[in-house]
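> Counting along the first sequence from 1, when you hit position 78 you're at 78 in my numbering, and nothing is skipped either side. Cβ coordinates follow ideal geometry from the N, Cα and C atoms, glycine included.
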Amino acid sequence: MAELPKHYNPQETEDATYARWEESGYFNPDNLVKDGIADKDAEAFSIVLPPPNVTGTLHMGHAAMLAIEDTLVRYHRMRGKRTLWVPGTDHAAIATQTKVEKELYKKEGSTRHDLGREEFVKRVEAFAQESHDTIVNQVRKMGSSVDWSREAYTLDEARNVAVRTAFKKMYDDGLIYRGRRIVNWDPRMQTTISDDEIEWREERTNFYYLRYGPFTIATARPETKFGDKYVVMHPDDKRYKEYQSGQKLTLEWINGPVEATVIKDEAIDMELGTGVMTITPWHDATDFDIAERHNLDAEQIIDENGKLLSIAGELAGMHIKKARPLIVEKLKEKGLLERVDENYIHRIATNSRGGELIEPQIKQQWFVDVNKKFTLPTSNLKDIADGAEVTLKKVMQMAVKSGQIEILPDRFEKIYFHWIDNLRDWNISRQLWYGHRIPVYYCTRGNSEARSSNFETGCQKPIVSIEELNECPNCKGPLEQDPDTLDTWFSSGLWTFSTLGWPEQTADLDVYHPTNLLETGYDILFFWVARMILMSGYLLGDIPFSTVYLHGLVRDEAGRKMSKSLDNIIDPLTLIEKYGADATRLSLIIGAAPGSDVKLSEDKVRGYKNFTNKLWNISRFLLMNMEDYDPGAAVSFSKDDRAILDEFEKLAEEITKDIEAYRLYLAAEKLYHYAWHTFADTILEASKPVLQDEAARAARQHVLATTWKNTLKLLHPFVPFVTEELWRTMPGDKRDLLMVETWPHQPHA
RNA sequence: GGGCGCUUAGCUCAGUUGGUUAGAGCGCAGCAUUCACAUUGCUGAGGUCACAGGUUCGAAUCCUGUAGCGCCCACCA
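#1: Can the beta-carbon of THR391 be found closer than 7 Å to that of LYS363?
#2: Work out the CA separation of ASN53 and TYR171 for me, nearest whole Å.
#3: Whose C-alpha, out of TYR434, ASN371, THR499, VAL464, is nearest the C-alpha of ASN422?
#4: From which residue to which residue does the alpha helix (DSSP H) around GLN11 run?
#5: Quick check on the DSSP output: what are the complete alpha helix (DSSP H) runs of length 4 or more inside the segment 79-146, in order along the chain?
#6: With which residues is ASN710 paired in a DSSP beta bridge?
#7: Quick check: SER46 and TYR512, are their CB atoms within less than 7 Å of each other?
#8: Between the alpha carbons of MET562 and THR57, how many angstroms are there, rounded?
#9: Return helix, strand or coil for LYS734, following the three-state DSSP convention.
#10: From ILE302 to ILE358, what distance separates their C-alpha atoms?
#11: One question on the structure: do TYR177 and PHE367 come within less than 7 Å of each other, judged by their Cβ atoms?
#12: Give every residue of the same chain whose Cβ lies closer than 6 Å to the Cβ of LYS40, excluding the five residues on either side of it in the sequence, and list them in chain order.
#13: For SER149, count the other beta carbons within 10 Å of its own beta carbon; 16 or more makes it buried, fewer makes it exposed. Which is it?
#14: For a test of the three-state rule: what should DSSP assign to HIS346, helix, strand or coil?
#15: Measuring CA to CA, which of TYR442, LYS599, GLN692 is closest to GLU468?
#16: With DSSP run on the structure shown, which of helix, strand or coil describes GLN244?
#17: According to DSSP, simplified to helix, strand and coil, what is ILE644?
#18: Identify which residue in THR520, GLU292, GLU118, HIS62 has its Cα closest to the Cα of TYR434.
#19: Between which residues of its own chain and TYR674 is the CB-CB distance below 8 Å, once the five residues before and five after are set aside?
#20: How far does the alpha helix (DSSP H) with HIS418 in it extend, from its first residue to its last?
#21: Using only CA atoms, which one of THR98, ARG424, PRO409, THR286 lies nearest to GLY521?
#22: I'd like the list of long-range same chain contacts for LYS141, defined as Cβ closer than 7 Å, with 5 residues on each side in sequence excluded.
#23: Can you tell me the Cα-Cα spacing of TYR18 and PHE721, whole angstroms?
#24: Please give the ranges of any beta strand (DSSP E) in the segment 457-517, keeping only runs that are unbroken, at least 3 residues long and fully inside the region.
#25: Less than 7 Å separating the beta-carbons of ALA166 and LEU494?
#26: Assuming GLN244 and VAL231 make a contact with CB atoms under 8 Å, what is their CB distance in whole Å?
#27: On the CB-based measure, 16 or more other CB atoms within 10 Å of its CB, does HIS569 come out buried or exposed?
#28: Would you decide whether GLN97 is buried or exposed? Buried here means 16 or more other CB atoms lie within 10 Å of its CB.
#29: Leaving out five residues before and five after THR55 in sequence, what residues of the same chain have Cβ atoms less than 7 Å from its Cβ?
#30: Could you tell me how far apart the beta carbons of PHE718 and LEU586 are, in whole angstroms, since I believe they sit closer than 8 Å?
#31: Evaluate ALA668 with the Cβ neighbour count: other Cβ atoms within 10 Å of its Cβ, from every protein chain shown; 16 or more gives buried, anything less gives exposed.
#32: State buried or exposed for TRP200, treating a residue as buried only when at least 16 other CB atoms are found within 10 Å of its CB.
#33: Going by Cα to Cα distance, which pick from ALA158, ASP186, GLY541 is closest to ILE348?
#34: Determine the contact status of LEU566 and PHE545, defining contact as a CB-CB distance below 7 Å.
#35: Return the chain-ordered ranges of every beta strand (DSSP E) run that is complete within the segment 181-213 and spans a minimum of 3 residues.
#36: Among the candidates THR584, LYS307, GLU725, whose CA atom is the shortest distance from the CA of LYS604?
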C-alpha cells in the first residue's frame, strides 16, 4: 500500500480523475445498464443542464448551478438509478448578437448591415463556437458528470426541427398569430423585446401641465403629443359630465387647431391629476388599449430610430431627446403650458440586455396567444382530462396548482401564479439575425408587398412549413421567408424534450421525460421555467419536470451583485486553480438554501480547501495503520466499535433524508462536521491506543476502514475529486470508481 | 399601488412539525511543535434570537402590530 503525500494537491489529480470518469462511459446511463451498475428497468433520474449562453465564459452562478446539480446527479447515480444529465448551450440570440455587434463596431467600425445577414451570422457563429468551447472546458473543470454524448445546442439542426414543428402546430391551432400590436421597441438594437425583458427604472423629470381646449392634461413626454386628438375621461367623473362621448371640440394645439374627440373610458384614474388625459396610441401601451377598445385612429409620431416624423412640423427629423426642450419652449410661447412639476418621478422602460431606452411602437409581430382555447387530445396533466378544452395560461397554472410540479422554495409558487395572472400575449418575433428564423414563407408572385398584405386567399396566405421551402407549393412562385427570428426562449422552452429527440418518439423521451428536476436561478422563473411548462403542457400534454429547485444569486462578500463595473467578479476557474474544484463546490453549497443568495469570499473557499486536505490526511493516517489489515478476517466488535458503526448508520440516514429533501447545505455541513470533528478528532484520536492493543487492533481496523469507506461514499457527491482519488487507496472489496459505488443507505427500507 | 421575503455571536449562516443551559464555520484570545494534517490540535471569550404586544405549562419557532433592508409584479397619463 503506497503512502500518500503529506498534502492534498488538487491540481495534480483533478484533470486525470475527470478523464477516468469520462473514459468509463458512466456519465451515459446506457453504459450503467450495460455494465450492470443500474438495472435495465431501474428507476430513471434525469435532469437537463440549463444551457449557458454562448456569450463568453461561465460565472459563479453557473458554478453554483453545476455544483448543486452534479451533487444530486451523483447521489442518484450511486442509488443505482438510470441517471442522465443532459448538457448543452443556448444561442441567447439577443445577448450574443449584441456582443458581436459591439465587438464588430469597436474593432472594425462597422455594423451588421455593412456585413450583410449571411456574413454577420457567420461571425456570430464563430464567436458562439469559441464561447462554447470555453464553457465546455469550465463545465468539466467543475467535475460535472454530464453525458457529453447527448450534448445539444438550442440552435442546432435537431433543435431547429423541434422549433419549426412546435411553431407549425401552434400556428395550425391558432395559438400563434401575426398582428399589429404595440410592442417594446429598442431603437438602438433595432428589435422588439418581450415584456419580461424590460427593466424599469425611476427617473426624476419635469411633469408638464398643458392646456388642451377646456381641459388641462399632464404629461412627462410632451414630444409624443403632436397628434393627440382624443381626450379621455372616466364615465363617472361628475366634473366632466357636460361632455358626451364622441363629442367634437375644436381647439388650439401645438401646430395649430385640431378637432378633438371626447372619449369616456374606465381606465382613467379620476384621482390622478385632472382626471383627463389625451392619448398617443402609437407610443404608449395604455393608450393603445384604450384606442383598441373604442376603435380609434393611431398615428405614428416617432420613427424607429427615435426621431420625430413629419407630424412634428419644423421639428421633424429631430431626435426626441433634442426635441423635448424645443417643444416645451413652443408650448410656453403659445400659452399652452400651464405649469411644471419639477419633482416628478417617472418610470422609464429600458432593455435589460443593454440598458437602452424602450420606445413603444405599433408593429407587425408574431404572438403566442395565452388565452385562446384549444383542445388537449391526450393529457398526463393532473386535473386536466384527455380532450379537455384549455388555454396556455390554464395549463401553466394547473401544472403547479395540482401539485404535479413542486417549486422550491414554495414561496416562488405564489410569485409564479401572480405572474401568470398578469401575463399578456407573448411577442415571439425579433428583428435579429441570429436565431431560429421564423418558419413562415410568403409567395411573392404578383405580390411585391407580400409581407404586409392581409393574406386572405390562395397563396397570399403565409405558408408555415417544417421543411425549408424554395418555391410556393401552390403556384411554384418565388418565396420570401419572414426575415424575423424567434425569441430565444421559444427554443429554450422545448429544452427538456427537444434534447431527448422530440418530435421523434425516441426511447430517451420515453424513459427520461418528464425529467425529475429542473435546477436553475430564480431570476429566470418566468423567462424559462414558465415557458417550459407551457411548451411541454401544450406539445406533450405533460409536465417537463416534477420539481423546480431555484438557487439564489452568488454575491460578493459584501453582498453586492458581481458585475464588471464593480470589478468584483470572481472567476470560478481562478478558484479552482487556487483551491481545487471540491473546495469551490462546497463553498457554493454550504450556506446556500434554495432561493436565497449566497455571499462568497475567498476565505470561505480556503476553509473548504483545508477540509479536503483533512480528508486526505485521514486516509493517510488510516493507510499508515493498515499494513496488516485483512478485510476478510473474522473479527468481534467491542462496544466502542459498535458505537462507531451505529453512529455512522444514523449519519447516513440523515444525509440521505437531507439530500432527498434538497437540503444539500445541511447535508454538506453535517458531513463536514462528522468527518472532521467526529471521525478525525474523536474516533481517530480514541483509536490510536486501541490500534496498539493486539487483541482489539483487527476489529478496530475493520471498523475504521469500512466506516471511512462509507463516509467517502457519502461525501462523494459533494467533493467528487478528492474522494475518488482517495478511493483508489482504500483496501477491501470495491468497484474501480467511487462514482458508481453503491450508496450506503437505502431510504424507505 | 399590490404581493413576497429577510432581521439569530464581530462576519457568513444553521436551528427540519414550539420542548431541557440557542449551534456551526470564519475571525478573535490563550496554550500545544518533529503526533496523519500548523492547510493542525486543545481551551476560551462572545448572543435580552430587530422592536412592542399576544397565544401557550413552555416561543428564535405560532398570531398581531412597528421599524429597517431586499425582491417581484403593475397600463398613474
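By the coordinates alone:
#1: No, the Cβ-Cβ distance between THR391 and LYS363 is not below 7 Å.
#2: Taking the straight line joining both Cα atoms gives about 28 Å.
#3: That would be ASN371, whose Cα lies nearest to the Cα of ASN422.
#4: Element bounds for GLN11: 10-24.
#5: Contiguous alpha helix (DSSP H) elements confined to the segment 79-146 occur at 93-108, 112-115, 117-141, taking only those with 4 or more residues.
#6: Answer by DSSP bridge pairing: none, since ASN710 is not bridged.
#7: Yes. Within cutoff.
#8: Linking MET562 to THR57 through their CA atoms gives a straight-line distance of about 14 Å.
#9: The three-state reading of DSSP puts LYS734 in coil, since its state is none of H, G, I, E or B.
#10: C-alpha separation (whole angstroms): 12 Å.
#11: Result yes, Cβ atoms of TYR177 and PHE367 sit closer than 7 Å.
#12: When the five nearest sequence neighbours on each side are left out, the beta carbons in the same chain lying within less than 6 Å of the beta carbon of LYS40 are those of VAL33, in order along the chain.
#13: SER149 counts as exposed, since fewer than 16 other beta carbons sit within 10 angstroms of its beta carbon.
#14: It is a strand residue.
#15: Nearest C-alpha to GLU468: TYR442.
#16: If DSSP states are grouped into helix, strand and coil, GLN244 belongs with coil.
#17: Reduced to three states, the DSSP call for ILE644 is helix.
#18: Out of THR520, GLU292, GLU118, HIS62, GLU118 has the C-alpha closest to the C-alpha of TYR434.
#19: Closer than 8 Å at Cβ, skipping near neighbours: LEU651, THR711.
#20: In the DSSP annotation of this structure, the continuous segment of the alpha helix (DSSP H) that includes HIS418 starts and ends at 411-421.
#21: Comparing Cα positions, the closest option is PRO409.
#22: Apart from the 5 residues on each side of it in sequence, LYS141 sits with its Cβ closer than 7 Å to the Cβ of LEU573, ILE576, ALA581 in its chain, given in chain order.
#23: Going by the C-alpha atoms only, they are around 8 Å apart.
#24: Complete beta strand (DSSP E) runs here, min 3: 479-481.
#25: Yes, these two residues count as a Cβ contact at 7 Å.
#26: Not really, about 12 Å apart at Cβ, beyond 8 Å.
#27: One detail in the question is off: residue 569 reads as Ile in this sequence, not His. By the neighbour-count rule (16 or more Cβ atoms within 10 Å), ILE569 is not buried but exposed.
#28: Around the C-beta of GLN97, 16 or more other C-beta atoms lie within 10 Å, and the residue is accordingly described as buried.
#29: The answer, listed in chain order, is ALA92, ALA95, THR96, LYS99, SER131.
#30: Between PHE718 and LEU586 the beta-carbon gap is near 6 Å, inside 8 Å, which marks them as a contact.
#31: ALA668 should be labelled buried.
#32: Within a 10 Å sphere around the beta-carbon of TRP200 sit fewer than 16 other beta-carbons, which makes this residue exposed.
#33: Per the Cα distances, ASP186.
#34: By the CB criterion at 7 Å, LEU566 and PHE545 fall outside the cutoff.
#35: DSSP runs (the beta strand (DSSP E)) wholly in the segment 181-213: 191-193, 198-212.
#36: Ranking THR584, LYS307, GLU725 by Cα distance to LYS604 puts THR584 first.
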